Each structure stands twice: as C-alpha cells, then as structure tokens.
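Colleague: Before I ask anything, let me first share the structure, which is written out below as structure tokens.
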Amino acid sequence: MNHRVGSVVFGLAVGIIAATFAYRWASQPIPQFERAYEEDAVKAARLWLHETLSERSLEIIDVLNKDRVVGKGYVYRVDGGWEVSGFYRRDNKDLWHPFLIRLDEAYAMQFLRISDAAMIDALADNENIEVLP
C-alpha cells in the first residue's frame, strides 16, 4: 500500500471525526450546565411550594429527593421556563399529594396544580393555583 494514500485516508478520517465532535459540542448544551439549571428549577419549585402552602414542615419527593415507593418526580424545560412535578405531605399521618408547578425562566411561579382537598378553601382566591380534590 502506498503510504501517501494511507496518510490521506487517515487525515480525512481524523478530520471528519474532529469536525463531528466540534459540531456536537457547539450545537448541543453541555449536560453539566443543563443539570445545574434543572437543579435550580427544582429548588425554586420547593421554595414556591413551601411559600404557597404556608408550610415549613413539608416532606417533598421530587427529582432531587427520590422515593420510588411514592412515585416519580419530573423536571422539564418548556417554552419560557420549567415544569416540575412530584409529591408532598405535611406529616407522616398525611397522604401524599401530587403537584405540578410551572416556573418562568427566572424561576418565578406561573402556575401550581395540587391535589389536596384540605387546601381547596385556603387557596381558592388565587387564580394561579388549581386545587383538585
């Protein structure tokens, strides 16, 4: 085999591989940064849940605090912000209540949906909160 042909083929192969990695690096978000944004969204959702329900002793199951016996929590990037879901309860005697919270890009609460019959009257006047029985 001619060494010139081999070196040209090798050079082309390395160039194509390098170009592919460079394109992927430039066009896709770096997973570590995306994970940090997701964690910030979940932490903000926890704070909004505590503030909205006026409870400091909530036990929350979400993406950062996983408990597969209760269920799964999710965090999604949506147009203009985030959606975070999970479960909460006030104490060990309380049932688990599912929640879905929508945050904007600055992690401000836009909408909260919970399933908690005890909170129907307390949160009825807030238009950004939907309480299901």
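Number 102 in our numbering belongs to position 100 of the sequence shown; there are no gaps in the numbering.
Using N, Cα and C, we set each Cβ at its ideal position, and we do this for glycine too.
Small disclaimer: the values here were computed from a predicted structure and weren't measured.
#1: Which stretch, first to last residue, makes up the alpha helix (DSSP H) that contains aspartate 93?
#2: Can you find at least 3 beta carbon pairs, one from the stretch 113-128 and one from the stretch 66-73, that sit closer than 8 Å?
#3: Taking C-alpha atoms, which residue in Thr54, Val71 and Tyr78 lies nearest to glutamate 129?
#4: Taking its Cβ as the centre, do 16 or more other Cβ atoms sit within 10 Å of aspartate 71, making it buried, or is it exposed?
#5: For arginine 58, which residues of its own chain have a beta-carbon under 7 Å away from its beta-carbon, when the five flanking residues on both sides are left out?
#6: Can you tell me whether alanine 28 is buried or exposed, with buried defined as 16 or more other CB within 10 angstroms of its CB?
#7: Pick from Ile62, Leu105 and Phe101: whose alpha carbon is nearest that of glycine 83?
#8: Give me the Cα-Cα distance between glutamate 40 and alanine 110, rounded to the nearest whole angstrom.
Modeller: Considering the structure as presented:
#1: In the sequence shown, counting from the first residue as 1, residue 93 sits at position 91. It is not in any alpha helix (DSSP H) - aspartate 93 carries neither H nor E in the DSSP assignment.
#2: no
#3: By one-based count along the sequence shown, residue 129 stands at place 127. Residue Thr54 is the option with its Cα nearest to glutamate 129.
#4: For the purposes of this step, residue 71 is taken as residue 69 along the sequence shown, with counting starting at 1. The amino acid occupying residue 71 in the given sequence is valine; aspartate does not appear at that position. The residue is exposed, with fewer than 16 neighbouring Cβ atoms inside 10 Å.
#5: The residue labelled residue 58 in the question sits at position 56 within the sequence shown. Taken in chain order, the residues that qualify are His52.
#6: On the sequence shown, position 26 is the one that residue 28 refers to. Exposed, since its Cβ has fewer than 16 Cβ neighbours within 10 Å.
#7: For the purposes of this step, residue 83 is taken as residue 81 along the sequence shown, with counting starting at 1. Out of Ile62, Leu105 and Phe101, Leu105 has the C-alpha closest to the C-alpha of glycine 83.
#8: Counting from one through the sequence shown, the residue named residue 40 turns up at place 38. Counting from one through the sequence shown, the residue named residue 110 turns up at place 108. Approximately 14 Å between the Cα atoms of the pair.
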